[in-house]
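To start, the structure under review is shown below, and the notes come after it.
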């Protein structure tokens, strides 16, 4: 099983060979932004992607590779159970999942590089 940290590292290694590959930069950035949620529950990955991580809101032209990733995530969510009015369903094990209706999460390409968690005190 490959975790989110391994996937990020793999993408970073690829970018050393092809540093100008913008779609891969966006995917790696989306993984970095999604890491805290996905580390807690790997089932959150598709919801993170559909929630705006690969929205391409900061790009002038859409990348076909990113569009395909979003379509795959959408297909994954739709096949986990029946989508209700609010986009919530359950998979075959009864686990709830959330298919976001809007893109509210910080998207890849945004200046924010990572989401930090675990600190409960003031900064």
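Numbering (this note's numbering), first residue to last: 85 to 207. Ideal Cβ positions, reconstructed from N, Cα and C, are used throughout, including at glycine. Bear in mind the structure is a predicted one, so any value in this text is a computation, not a measurement.
Here's a check: name, in chain order, each residue in its chain whose Cβ is nearer than 8 Å to the Cβ of residue i, leaving out the five neighbours to either side.
i           : result
residue 187 : 134, 135, 136, 139, 141
residue 98  : 105, 108
Is residue i buried or exposed, if buried means 16 or more other CB atoms sit within 10 Å of its CB?
i           : result
residue 126 : exposed
residue 205 : exposed
residue 89  : exposed
Am I right that residue i and residue j are in contact with their C-beta atoms under 8 Å? What's the rounded C-beta distance?
i           : j           : result
residue 193 : residue 110 : 6 Å
residue 119 : residue 128 : Contact flag wrong, Cβ pair sits at about 10 Å.
If I measure Cβ to Cβ from residue i and keep anything under 7 Å in the same chain, skipping five residues before and after, which residues do I get?
i           : result
residue 143 : 193
residue 114 : 133, 137, 138, 192
residue 157 : 130, 133, 134
Taking only the alpha-carbon atoms, compute the straight-line gap between residue i and residue j and give it to the nearest angstrom.
i           : j           : result
residue 92  : residue 163 : 26 Å
residue 86  : residue 112 : 14 Å
residue 197 : residue 152 : 23 Å
residue 199 : residue 123 : 12 Å
residue 95  : residue 117 : 14 Å
To which residues of the same chain is residue i closer than 6 Å at the C-beta, ignoring the five residues directly before and after it?
i           : result
residue 169 : Any reading at residue 169 must be qualified, since the residue scores a pLDDT of 39, below 50, and its modelled position is unreliable; no value is offered.
residue 160 : 130
_Length at least 4, wholly inside the stretch 100–145: the alpha helix (DSSP H) runs in chain order_ = 106–124, 129–132
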